[in-house]
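Down below is the structure, laid out as structure tokens.
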Amino acid sequence: MKLVIAEKPSVALSIAKVLGVNDKKDGYVEGNGYKVSWCVGHLIQMANPDAYDSRYAKWNMEDLPIFPKEYKYEVTKATKKQFSILKKLMNESSVDTIINACDAGREGEAIFRLVYTEASCKKKVERLWISSMEDSAVREGFANLRKGEDYDFLFASAQARAIADWLVGMNISRLYSCLYQQNYSVGRVQTPTLAMIVKRDDEIAHFKKEKYYTVELLVDGFSLSSERIDDVETAKRLKNKVGNTIQVSDVTQKEKITNPELPFDLTTLQRECNKFFGYSAKQSLDYAQSLYEKKFITYPRTDSRCLTEDMITSTVNNILGKNDFDAGRIKTVFNSKKVTDHHAIIPTISSLQKDLSKLPESEAKVYRLILNKLHASLGYPLKESLTKVVAEVEGFSFSCTGKVIIEEGFTKYLKEYKAKKSEELVLPSVSSGDILHLESSELREKYTAAPKHYTEDTLLKAMELAGTEMIDKAVEVERRGLGTPATRAGVIENLIYKGFVERDKKNLLATHKG
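Quick note: the sequence shown uses my numbering, first residue 2, plus one each step.
Written out as structure tokens, the structure is:
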């Protein structure tokens, strides 16, 4: 008998259905040589300091820092019943093998290992490692189970992360709370993220806008704009000296080629969902997780934006179908060397036959965005013709840049998300030395713009890139930035929940407490 342990009930029941296991019991399903049960997220957590010494129940600076020689773990109160069920199942004599079917990632590994250890289980462990909940993917995963010990280092990294969080959180939170006589929460990722928001808000609050001027000329049906002028009298003199005709001093034309972006990882999906739909990072993750469990998309908590080379045939034949694609993009998108634990997020093959109208609107939007992004990633480049017209007046440069789309390429898949400002600007045919006729002139007063408040889109990008300027680009590092794609949404929500940050429409602002 094999015991399968999934991360949550919905996933366990989906796996059980594929395995033909349907005899429901209290906390598990049985049949066909399997028992399938589940965790409910983290059943085991690191113990609080008072579990080591009762004096730590009271927060005193004299007791800091707290560095346990060995770390203790405890079953969470809300999940004691399910842990008891798992412990009983794991130690039944009829069970000879445990299959870890928790999410295929660092935290999923930790969820299972802590239960396995706390249950004092010593039985053989096999690992189900899949990137899709499609029936075919689950069957293939069970046909190719991996050795549990192959993921010892993954669990070690999860432990290291948890211990680092515990040491910073328990010690520094107590320190600041004692110093300021108020309950403060300090976190290894949370606090640097808060610092970025506070710094940006401070830059905006202390920003001193600078006034400047431009002279705008309407000539032969299009506008020429002067360079920035800081002095109003100079700008007025320039406007008054513009004659009825202006000679073109230079015309440059060049073709701009823009290649498509790669398919989504979780962070880029969350960013675009915030930009286009206004979804928070947590909402986007929740919608993506639901789509994954409903077998519409592949595993969402990934930090890879490429697909593996063995996916070329199935993706091209089954997902792209009759849609035109650029064969030259194949090597860029399908690159196994750039795939970590899981490949980029894409639709499942079976999802193409499903009725999208049965999905909640929010999930349907996310699904369509993922599908369109995949099509776009394998699309042809966007080709544009850029024309810059320059005229000189009294030593000042006036210019205008026109844009004409030659080939829309991959952008045809992203039209519903396209910003209006990217529309074409067609200039009349003009050559160097041509005489333009002035129709009107205008002096415009302008101001330098303050930095913008963080949105979840821009904060996720800042978290992803944090610290990269301090890392030698020639040195390969496994992780950069603050947090991981799977944890960043939780960090943002935690800052809001604890009253350090608040939402103002799309903006994230630090509170007085923050």
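Glycine included, every Cβ here is placed at the ideal spot set by N, Cα and C. Computed from a predicted structure; not experimentally measured.
- Of all alpha-carbon atoms in Val502, Ser441, Thr469 and Asn508, the one lying nearest the alpha-carbon of Val243 is that of Ser441.
- Of the residues Ala120, Thr269 and Leu370, the one whose Cα lies closest to the Cα of Tyr418 is Leu370.
- Going by DSSP, Trp39 is part of the beta strand (DSSP E) stretching over Tyr35 to Trp39.
- Look at Phe84 here: in three-state DSSP terms it is helix.
- When secondary structure is reduced to three states using DSSP, Cys401 falls in the strand class.
- Per the coordinates, the alpha-carbon of Asp97 lies some 7 Å from the alpha-carbon of Lys125.
- Taking 8 Å as the cut-off, the beta carbon of Phe113 is found closer than this to the beta carbon of Ile6.
- Beta-bridge pairing by DSSP links Arg504 to Leu509.
- Contact between the region 238 to 253 and the region 389 to 403 is present, with at least three C-beta pairs closer than 8 Å.
- As DSSP reads the structure, Glu294 sits in no beta bridge.
- Taking C-beta atoms under 8 Å as the contact rule, Ser137 and Thr299 fail to qualify, at a distance of about 12 Å.
- Bounds of any beta strand (DSSP E) do not take in Gln182, whose DSSP letter is neither H nor E.
- The region 24 to 36 makes contact with the region 78 to 90: 3 or more CB pairs, one atom from each, lie closer than 8 Å.
- The secondary-structure analysis by DSSP pairs Glu443 across a beta bridge with Glu217.
- Using a 10 angstroms sphere on the CB of Glu443, the tally of other CB atoms stays under 16, which defines it as exposed.
- At least 8 Å separates the beta-carbon of Leu219 from that of Pro486.
- By the CB criterion at 8 Å, Leu360 and Tyr368 fall inside the cutoff.
- The three-state reading of DSSP puts Phe335 in strand, counting E and B together.
- One Cα belongs to Ser305, the other to Leu321, and the distance between them is close to 20 Å.
- Within the model, the alpha-carbon separation for Ile230 versus Ala236 is close to 6 Å.
- Less than 8 Å separates the beta-carbon of Ala102 from that of Leu129.
- Only exposed fits His438, as fewer than 16 other CB atoms lie within 10 angstroms of its CB.
- Listed in chain order, the non-local C-beta contacts of Trp60 below 7 Å within the same chain comprise Arg175, Ser178 and Cys179, local neighbours out to five positions each way being set aside.
- Pro301 sits buried, since 16 or more C-beta atoms from the chains shown fall within 10 Å of its C-beta.
- For Glu63, there is no enclosing alpha helix (DSSP H), as DSSP marks it with neither H nor E.
- Taking the Cβ atoms as the reference, Asn495 lies roughly 16 Å from Tyr455, outside the contact range of under 8 Å.
- Contact between Lys73 and Ala48 holds: CB atoms are separated by about 4 Å, below the 8 Å threshold.
- The DSSP-derived three-state label of Asp435 is coil.
- When the alpha-carbon of Glu8 is set against those of Ile346, Val317 and Val37, the nearest one is in Val37.
- Judged by DSSP in its simplified three-state form, Met134 adopts coil rather than helix or strand.
- Using a 10 angstroms sphere on the CB of Ser337, the tally of other CB atoms stays under 16, which defines it as exposed.
- In this structure, the CA atom of Phe501 is about 39 Å from the CA atom of Ser358.
- Within its own chain, the residues whose Cβ lies closer than 8 Å to the Cβ of Ser224, once the five positions on either side in sequence are excluded, are Glu217, Leu218 and Cys401, listed in chain order.
- If you keep only unbroken beta strand (DSSP E) runs of at least 3 residues inside the region 182 to 257, you get 212 to 220 and 223 to 227.
- Among the bridge pairs identified by DSSP, Asp311 is matched with none.
- Scanning its chain for C-beta atoms nearer than 6 Å, with the 5 sequence neighbours on each side dropped, one finds around Cys122 the residues Met91, in chain order.
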